[in-house]
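First comes the structure, then the notes that go with it.
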Amino acid sequence: MLYAILCYHDEDFVGSWSKDQDEAVMKKLAVVQDKLTQQGRLGPVARLLPTTAAATLRKEDPPLVLDGPYAETKEQLLGFYIVDCNNLDEALDVARDLGAANPGGAYEVRPVGVFRPGGISA
Amino acid sequence: MSEADTSWIETALTSARPQAVGALLRYFRDLDTAEEAFQNACLRALKNWPQNGPPRDPAAWLIMVGRNVAIDEVRRTRKQQPLPEDDQAISDLDDAEGALAERLDGSHYRDDILRLMFICCHPQLPATQQIALALRIVSGLTVKQIARAFLVSDAAMEQRITRAKAKVAEAGTPFETPGPVERSERLAGVAAMIYLIFNEGYSASGDTAEIRKPLCEEAIRLARLLLRLFQSEPEIMGLTALILLQHARSAARFAKDGSLILLDDQDRALWNRNMIAEGLALIDKAMRHRRSGPYQIQAAIAALHARAATPEETDWTQIDLLYGALEVVQPSPVVTLNRAVAVSKVRGPQAALDLIEPLAPKLANYFHFYGVRGAFLMQLGRNDEARIAFDRAIALANTSAEAAHIRMHIDRLIRDSQPKGANGGTRQGAKAK
Numbered sequence: 017m018l019y020a021i022l023c024y025h026d027e028d029f030v031g032s033w034s035k036d037q038d039e040a041v042m043k044k045l046a047v048v049q050d051k052l053t054q055q056g057r058l059g060p061v062a063r064l065l066p067t068t069a070a071a072t073l074r075k076e077d078p079p080l081v082l083d084g085p086y087a088e089t090k091e092q093l094l095g096f097y098i099v100d101c102n103n104l105d106e107a108l109d110v111a112r113d114l115g116a117a118n119p120g121g122a123y124e125v126r127p128v129g130v131f132r133p134g135g136i137s138a
Numbered sequence: 025m026s027e028a029d030t031s032w033i034e035t036a037l038t039s040a041r042p043q044a045v046g047a048l049l050r051y052f053r054d055l056d057t058a059e060e061a062f063q064n065a066c067l068r069a070l071k072n073w074p075q076n077g078p079p080r081d082p083a084a085w086l087i088m089v090g091r092n093v094a095i096d097e098v099r100r101t102r103k104q105q106p107l108p109e110d111d112q113a114i115s116d117l118d119d120a121e122g123a124l125a126e127r128l129d130g131s132h133y134r135d136d137i138l139r140l141m142f143i144c145c146h147p148q149l150p151a152t153q154q155i156a157l158a159l160r161i162v163s164g165l166t167v168k169q170i171a172r173a174f175l176v177s178d179a180a181m182e183q184r185i186t187r188a189k190a191k192v193a194e195a196g197t198p199f200e201t202p203g204p205v206e207r208s209e210r211l212a213g214v215a216a217m218i219y220l221i222f223n224e225g226y227s228a229s230g231d232t233a234e235i236r237k238p239l240c241e242e243a244i245r246l247a248r249l250l251l252r253l254f255q256s257e258p259e260i261m262g263l264t265a266l267i268l269l270q271h272a273r274s275a276a277r278f279a280k281d282g283s284l285i286l287l288d289d290q291d292r293a294l295w296n297r298n299m300i301a302e303g304l305a306l307i308d309k310a311m312r313h314r315r316s317g318p319y320q321i322q323a324a325i326a327a328l329h330a331r332a333a334t335p336e337e338t339d340w341t342q343i344d345l346l347y348g349a350l351e352v353v354q355p356s357p358v359v360t361l362n363r364a365v366a367v368s369k370v371r372g373p374q375a376a377l378d379l380i381e382p383l384a385p386k387l388a389n390y391f392h393f394y395g396v397r398g399a400f401l402m403q404l405g406r407n408d409e410a411r412i413a414f415d416r417a418i419a420l421a422n423t424s425a426e427a428a429h430i431r432m433h434i435d436r437l438i439r440d441s442q443p444k445g446a447n448g449g450t451r452q453g454a455k456a457k
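From first to last, the protein sequence lines stand for chains A and B.
Residue numbering for the first sequence is 17 to 138, as defined by this note's numbering.
Residue numbering for the second sequence is 25 to 457, as defined by this note's numbering.
This is the structure in structure tokens:
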């Protein structure tokens, strides 16, 4: 089963990290990611640009384009992982490892329905 | 969350600061009281958070605690007074208490933060005081940190901030919720101030660039914050895009010896791709609004440079047009001077020279004017006149890096003392930075 691990955190907080702090967190996360990669369980990973760069299309008729993220909340969706796990417990274990590397905020763990890996590279 | 590592608290306090101080300012209507209340709340956070973990909403926590500590203080001093004549102040506070909780979730905090930023850019404050005040009040940098960035003594900076605060207090703070017109005026003022902060860091010379870099980073943080509060303002998108795109080049702007490297000569592999991506995304979004403005136009120009993989691929025709548009909304001889660089690439040095000659009286004391003029003359093979312009530029240079850069041109002139034709091969990036 594929699980999406959606990373939520306070964008103001993450945006207040110094460059060094940011790099330190990314380095710790890379350790967890490398382990998953070696096990062949890690799918696409994305870190999203700040929500200020986002636009939202409301599917009204005609569709309406709004500036900013879909919802204004205290914590924002900042990125996601796709991981291959046998069950929710395993997926939560992965989330725990990631959380130990990058404390604060929350991970929403959600089973993936349709998955198309696609063909683009960064 | 490891126990030893408490740097997350610092980060949480920094990120919550504008909202918390802004709300406390609305509440107490006095900047010093608000700052003190916030300080007290921070002290309690440092005691409380390591044991209990971070609160769900650090800003709300700090506002509540800061407010309560300050109210206790008021009550205590009142008890020491012989007879409280009226309880007006306290009952006002009690009324506000109920309203506060709901306001925290409402949209008030936008105007709180905007107000906090806005009082720092009072028109009577000179630019350097505006910047220092904003860094102290909004960003929460220490006087020491600010003094370091400005390369002055702590005492001098302390004095500058105290003076600025006195002027702000004298001017009075606008507490009423702003109407749409006022709000957009405030936004424009705050945007200008953020750009000042950025430029204070960006215009540093090579030997101080590293020390002053935090100013650029702080400006970016404030711009993103402002944009998050006012998500549909194309000029705020433009401002944020502009400073991201400029800052993206920072690793490539100075040689090891501190000398300035021109855009054309920069190693583009050193440009920060993430910042460029964010800047391009923002300018992209801004343009959809079809409400152009100076920040958007400048960001669009920076975007064209960022998109060019090599200097030769730069779309100078488009840049010329954009500077033309900028001349319309923000006429200034400096804009025309920048446009001339684009004109020289598109239509040659003679056309560029013709464009800047009328600017001479206005820019008689402007370093870049003579640097650019000299470069055009050099391209035309008019080396004697170029030499005179370069000498003048050196006399007007603000930093040793600027002077060193012009001296490089002069050396080249001496080396190629044989005049070249109008299309002499010197590729000259006259545009600095």
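We treat Cβ as the ideally placed atom computed from N, Cα and C, and that holds for glycine.
Computed from a prediction, not measured in an experiment: that's the story for all the values here.
> Should residue 432(B) go down as buried or exposed, given a rule of 16 or more other Cβ atoms within 10 Å for buried?
Replying inline: exposed
> For residue 344(B), is the classification buried or exposed, using 16 other Cβ atoms within 10 angstroms of its Cβ as the cut-off for buried?
Replying inline: buried
>> Counting only Cβ pairs nearer than 7 Å, list the residues of chain A close to residue 245(B).
In response: 31, 32
> With burial defined as no fewer than 16 other Cβ atoms inside 10 Å of the residue's Cβ, what is the status of residue 309(B): buried or exposed?
Replying inline: buried
> Can you tell which of 259(B), 140(B), 232(B), 265(B) has the C-alpha that lies nearest to the C-alpha of residue 55(B)?
Replying inline: 140(B)
> At which residue ranges does the stretch 393 to 422 of chain B contain complete alpha helix (DSSP H) runs of 4 or more residues, listed in the order of the chain?
Replying inline: 407 to 420
> Would DSSP call residue 139(B) helix, strand or coil?
Replying inline: helix
> Between which two residues does the beta strand (DSSP E) carrying residue 19(A) extend?
Replying inline: 18 to 25
> Interface residues of chain A around residue 301(B) at Cβ under 9 Å?
Replying inline: 65, 69
>> According to DSSP, simplified to helix, strand and coil, what is residue 113(A)?
In response: helix
> Along the stretch 78 to 100 of chain B, what residues have a CB closer than 9 Å to any CB found in chain A?
Replying inline: 78, 80, 81, 82, 83
>> Considering only their Cβ atoms, is the gap separating residue 255(B) from residue 135(A) smaller than 7 Å?
In response: no
> Going along chain B, which residues have a C-beta under 7 Å from residue 84(A)?
Replying inline: 255
> Counting contacts by CB-CB distance shorter than 7 Å, is residue 38(B) in contact with chain A?
Replying inline: yes
> Going by the CB atoms, is the gap between residue 395(B) and residue 419(B) shorter than 7 Å?
Replying inline: no
> How about residue 48(B) and residue 58(B): are their beta carbons less than 7 Å apart?
Replying inline: yes
> DSSP three-state call for residue 390(B): helix, strand or coil?
Replying inline: coil
> Along chain B, in chain order, which residues have C-beta atoms closer than 9 Å to that of residue 113(A)?
Replying inline: Here the premise fails: no neighbours, minimum Cβ distance about 15 Å.
> In chain A, what lies closer than 8 Å to residue 264(B) by C-beta?
Replying inline: 68
>> Among 60(A), 126(A), 36(A), whose alpha-carbon lies nearest the alpha-carbon of residue 105(A)?
In response: 126(A)
> How about residue 149(B) and residue 94(B): do their beta carbons lie closer than 7 Å?
Replying inline: no
>> Could you check whether residue 218(B) and residue 265(B) sit closer than 7 Å to each other, using their CB atoms as the reference points?
In response: no
> Is residue 334(B) buried or exposed, if buried means 16 or more other CB atoms sit within 10 Å of its CB?
Replying inline: exposed
> Can you tell which of 132(A), 97(A), 131(A) has its C-alpha closest to the C-alpha of residue 21(A)?
Replying inline: 97(A)
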